[in-house]
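Student: Quick note on numbering: the sequence shown equals residues 9 to 700 in UniProt numbering.
For glycine and all other residues, C-beta sits at the position ideal for the given N, C-alpha and C.
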Amino acid sequence: TTNHLRHLESMATHPSGAGKIPRLNAVILGESLASEEDDLVFPSHDFSQQAHVPSPQKYLEMYNRSIVDPGGFWSDIAAEFYWKEKWGQQVYSENLDVTKGNIKIEWFKGGITNICYNCLDKNIESGNGDKVALHWEGNEPDVDGSLTYRQLFERVCQLANFLKDNGVKKDDTVIIYLPMLMELPITMLACARIGAVHSVVFAGYSAESLLQRIMDCKPKIVVTCNAVKRGKKVLNLKEIVDAALSESSQNGISVDSCLTYENESAMKKEDTKWQKGRDIWWQDVVPKYPTTCDVVWVDAEDPLFLLYTSGSTGKPKGVLHTTGGYMIYTATTFKYAFDYKESDIYWCTADCGWITGHSYVTYGPLLNGATVILYEGVPNYPDSGRCWEIVDKYKVTIFYTAPTLVRSLMRDGNEYVTRYSRKSLRVLGSVGEPINPSAWRWFFNVVGDSRCPISDTWWQTETGGFMITPLPGAWPQKPGSATFPFFGVEPVIVDEKGKEIEGECSGYLCVKSSWPGAFRTLYGDHDRYETTYFKPFPGYYFSGDGCSRDKNGYHWLTGRVDDVINVSGHRIGTAEVESALVSHPQCAEAAVVGVEHEVKGQGIYAFVTLVEGVPYTEDLRKSLVLVVRNQIGAFAAPDRIHWAPSLPKTRSGKIMRRILRKIASRQLDELGDISTLADPSVVDQLIALAHS
Ligand code: WT7
């Protein structure tokens with residue numbers, strides 16, 4: 009405790025930096041920190057001393073500047089990167105207020121750069137060519153490989169040359185449907201090198217979902233592999249791509265080529281279905297190309313990638329990120345939130361099919377010249393100790409994962425963890441959903457031996473990078489709280505009417521003014537962009553999350569307030585699942601809600617009514633689940649199907665989800681007012697069926 013006290017004292021005696029942001033002062037300078045009721049976890053004195061941001065004062069100093077002078081703050085950082093030409097007079101320009109015209113966000117406009125150049129060429133030039141960029145760990149424990157920065161550069165250039173040769177030009181779209189092979193970041197970087205826009209589709213999405221994305225962004229080329237092994241299961245990815253491509257060409261969108269990597273350990277060439285003229289084996293052609301390739305210089309505001317995410321309608325949203333701001337933001341957030349140092353070995357368990365894999369497997373770490381682990385398999389194969397085996401094998405120092413993984417390994421028992429040393433670890437991270445304090449504690453005490461701070465990073469596909477996150481050496485953490493805003497981010501909590509609320513409060517989490525990593529539009533649908541994110545609370549970006557702020561100014565995320573469910577950190581729109589269910593010929597209506605789930609955070613609970621005269625059977629239940637797996641992907645399969653003779657509706661025909669949520673989570677004494685229902689007896693019927 010001596011260290012803790014020293015820490016506390018030094019915090020309390022430094023009035024510097026306070027002032028501009030009154031609500032932060034409470035925690036950093038206030039008496040309440042000492043209060044016994046607060047569950048505060050302090051970084052060790054040694055950790056803080058070596059950290060980039062070693063104290064609340066240092067944070068406040070930097071944070072204040074980032075808010076008072078965003079242009080100056082971010083252009084100083086941007087100057088550390090390579091720009092072919094510097095940006096114009098104005099570092100950024102923005103309008104986040106729908107009442108004042110179109111929403112517009114621009115950073116470093118007029119600046120000419122290339123993110124692939126900054127990830128690779130720049131690191132090689134600064135003497136890191138022989139440093140390992142990627143360590144790849146296969147599904148089987150004895151299958152692995154690695155690439156230095158120079159080798160990665162050569163692979164990326166070869167593929168970039170192939171893409172150019174196959175007609176891919178600046179601003180063309182490339183769909184990437186690959187598992188966690190090195191070829192996945194290689195393809196992303198190759199696209200970036202020639203100014204093409206990548207759109208990675210998570211290789212757990214179904215053919216139907218892939219088709220939807222192909223139809224929306226009309227890629228020049230699709231890059232995939234024949235199959236992947238995840239644990240003991242072999243997934244035939246090429247078959248899924250084939251189905252999507254043949255369907256899309258029947259709908260008038262034909263993709264010229266399908267570049268296919270032979271993932272030998274999962275499936276041999278000979279066993280792969282092939283369409284001559286369209287399909288190309290990666291290994292046959294790509295290695296023949298030259299190992300250098302000129303970069304295509306792009307404007308900071310030229311598009312870098314599209315990534316589809318779920319919203320409250322059935323149609324996925326193509327989140328568009330541009331180059332310059334995203335580059336500066338992912339690099340900077342990575343450096344500070346993980347207190348990254350050159351000697352770190354970094355492992356993020358996310359798949360590159362999600363935003364976490366874009367910003368914090370690929371771009372953020374490589375921009376910092378980091379050594380990154382890519383893992384092809386699942387966390388419990390061959391057994392639940394696999395993660396810690398990998399940590400020891402590569403001497404991982406920063407380990408970034410999701411609460412769902414923490415909870416599932418926690419359930420499997422401590423022996424799987426304590427069997428391994430883990431002494432290389434120094435920083436842990438969490439992302440995807442709120443981490444419950446008991447999982448936080450287990451992660452901290454058992455995995456990190458009570459030594460490693462946890463960065464609980466709150467952010468979204470839309471935000472590009474971390475928004476609210478601990479800086480691990482700077483202040484004490486509270487298990488379950490994402491703590492304070494990153495530099496340049498002004499989170500506000502608003503009430504129903506969009507009025508900002510101060511102090512201890514809870515409400516809707518919004519952001520005031522832009523940050524460099526913000527998304528610029530929804531692909532092909534700027535109206536939906538404005539309607540979804542900027543109209544609900546004019547003047548602010550609305551996150552879709554609920555949030556409370558405690559007396560010390562710490563932020564506590566409370567989950568989505570819209571029709572989005574968060575299953576194991578994957579965002580799924582209730583409308584998407586409903587539309588899959590009603591596409592089943594025997595399903596008349598569906599209403600989907602999220603329920604608490606011990607491991608996944610939220611589970612999917614689906615109420616269905618059937619076509620007149622159809623009996624509800626076990627076979628029908630299975631085929632309803634299957635239709636969701638086929639249309640979205642296995643990760644979206646409902647946990648529970650609840651047959652309903654009819655659904656609770658208002659007299660105007662609107663389904664009352666509030667009531668369904670209560671029934672699904674068995675909170676029957678909290679049903680609220682049901683008198684506005686067209687037929688209140690429906691509720692009793694459903695409750696009776698829930699127990700059967
Ligand atoms: C939604 C965004 C950002 C990468 C992974 C998911 C939830 C994310 C946290 C966190 C509480 C979190 C939010 C957010 N979320 N991180 N640390 N604490 N909630 O990206 O698919 O865009 O989902 O995930 O609800 O809105 P995404």
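How close, in whole Å, do the beta carbons of residue 524 and residue 337 come, if the pair is a contact with beta carbons under 8 Å?
Tutor: About 4 Å separates the two Cβ atoms, so the contact holds.
Student: Beta carbon of residue 574: closer than 8 Å to some heavy atom of the ligand WT7?
Tutor: At least one heavy atom of the ligand WT7 is nearer than 8 Å to the Cβ of residue 574, so yes.
Student: State the DSSP-derived secondary structure class of residue 266, mapped to helix, strand or coil.
Tutor: Strand.
Student: Since residue 516 and residue 497 should fall inside the 8 Å C-beta cutoff, what is the C-beta to C-beta distance between them, to a whole number of angstroms?
Tutor: Contact doesn't hold; Cβ gap of about 16 Å is too wide.
Student: Do three or more CB pairs link the segment 193-205 to the segment 172-183 at distances below 8 Å?
Tutor: The answer is yes - the segment 172-183 touches the segment 193-205, with three or more Cβ pairs under 8 Å.
Student: Are there any heavy atoms of the ligand WT7 lying less than 8 Å away from the beta-carbon of residue 62, as far as the coordinates show?
Tutor: No; taking the cut-off as 8 Å, the Cβ of residue 62 has no heavy atom of the ligand WT7 nearer than that.
Student: Would you report the Cα separation of residue 551 and residue 102, rounded to the nearest angstrom?
Tutor: C-alpha separation (whole angstroms): 18 Å.
Student: Select from 147, 128, 149, 242 the residue whose C-alpha is nearest the C-alpha of residue 139.
Tutor: For the residues 147, 128, 149, 242, the minimum Cα distance to residue 139 belongs to 128.
Student: Any heavy atom of the ligand WT7 within a distance shorter than 8 Å of the CB on residue 440?
Tutor: At least one heavy atom of the ligand WT7 is nearer than 8 Å to the Cβ of residue 440, so yes.
Student: Could you tell me whether the Cβ atoms of residue 100 and residue 82 are closer together than 9 Å?
Tutor: Yes, the Cβ-Cβ distance between residue 100 and residue 82 is below 9 Å.
Student: Ignoring anything shorter than 3 residues or poking outside the segment 383-422, list the beta strand (DSSP E) runs there in chain order.
Tutor: The qualifying runs are 406-409.
Student: With a threshold of 16 other CB atoms inside 10 Å of the CB of residue 224, please say whether the residue is buried or exposed.
Tutor: Residue 224 should be labelled buried.
Student: Which of the three DSSP states is assigned to residue 663 in this structure?
Tutor: Reduced to three states, the DSSP call for residue 663 is strand.
Student: Between which two residues does the beta strand (DSSP E) carrying residue 145 extend?
Tutor: Residue 145 -> beta strand (DSSP E) spans 140-145.
Student: Which one of 559, 414, 495 has the shortest CA to CA distance from residue 486?
Tutor: Per the Cα distances, 559.
Student: Which of helix, strand or coil does DSSP assign to residue 592?
Tutor: Note: residue 592 maps to coil in three-state DSSP.
Student: How about residue 641: is its C-beta nearer than 9 Å to some C-beta of chain E?
Tutor: This model lacks chain E altogether; it includes just one protein chain.
Student: Quickly, what does DSSP pair residue 557 with across the bridge? List them, please.
Tutor: In DSSP, residue 557 forms a bridge with 513, 563.
Student: Quick check on the DSSP output: the beta strand (DSSP E) that includes residue 111 runs from which residue to which?
Tutor: Looking at the DSSP string, residue 111 is not in any beta strand (DSSP E), and its letter there is neither H nor E.
Student: Leaving aside the five residues before and after residue 342 along the sequence, list all residues of the same chain whose C-beta is less than 7 Å from its C-beta, in chain order.
Tutor: Answer for residue 342: 348, 368, 372, 373, 376, listed in chain order.
Student: Ignoring anything shorter than 3 residues, give me the beta strand (DSSP E) runs that lie fully in the segment 303-358, in order along the chain.
Tutor: Runs found: 311-317, 325-330, 353-356.
Student: So for residue 695, helix, strand or coil by DSSP?
Tutor: Residue 695: helix per DSSP, three-state reduction.
Student: Run through DSSP, which three-state label would residue 89 get?
Tutor: Residue 89: coil per DSSP, three-state reduction.
Student: Within 8 Å, do at least three Cβ pairs link the segment 567-585 to the segment 119-135?
Tutor: Short answer: they don't touch.
Student: Quick check on the DSSP output: the beta strand (DSSP E) that includes residue 579 runs from which residue to which?
Tutor: 578-581 is the span of the beta strand (DSSP E), which, as asked, contains residue 579.
Student: Mark residue 621 as exposed unless 16 or more other C-beta atoms lie within 10 angstroms of its C-beta, in which case mark it buried.
Tutor: By the neighbour-count rule (16 or more Cβ atoms within 10 Å), residue 621 is not buried but exposed.
Student: Verify whether the separation of the beta carbon atoms of residue 530 and residue 325 is less than 9 Å.
Tutor: Their beta carbons are under 9 Å apart, which means residue 530 touches residue 325 by this criterion.
Student: Per DSSP, what kind of secondary structure is residue 297 in: helix, strand or coil?
Tutor: Coil.
Student: Could you tell me which residues DSSP pairs with residue 241 in its beta bridges?
Tutor: Looking at the DSSP assignment, residue 241 forms a beta bridge with 238.
Student: Using DSSP bridges, identify the partner residues of residue 206.
Tutor: Looking at the DSSP assignment, residue 206 forms a beta bridge with 182, 313.
Student: Note down, one range per segment and in chain order, each beta strand (DSSP E) of at least 3 residues found wholly within the segment 462-539.
Tutor: You should have 462-464, 498-502, 513-520.
Student: Based on Cα-Cα distance, which residue from 604, 68, 230 lies nearest to residue 287?
Tutor: Comparing Cα positions, the closest option is 230.
Student: So what does DSSP say about residue 154, is it helix, strand or coil?
Tutor: The answer is strand: DSSP assigns residue 154 an E or B state.
Student: Quick one: what's got a C-beta closer than 8 Å to residue 437's C-beta in the same chain, skipping five residues either side?
Tutor: These residues qualify, in order along the chain: 345, 346, 356, 406, 407, 408, 409, 462, 463, 464, 465.
Student: Taking the Cβ atom as the reference point for each residue, do residue 273 and residue 148 lie within a distance shorter than 9 Å?
Tutor: Contact flag set, yes.
Student: Whose C-alpha, out of 388, 698, 539, is nearest the C-alpha of residue 107?
Tutor: Checking every option, the nearest Cα to that of residue 107 belongs to 539.
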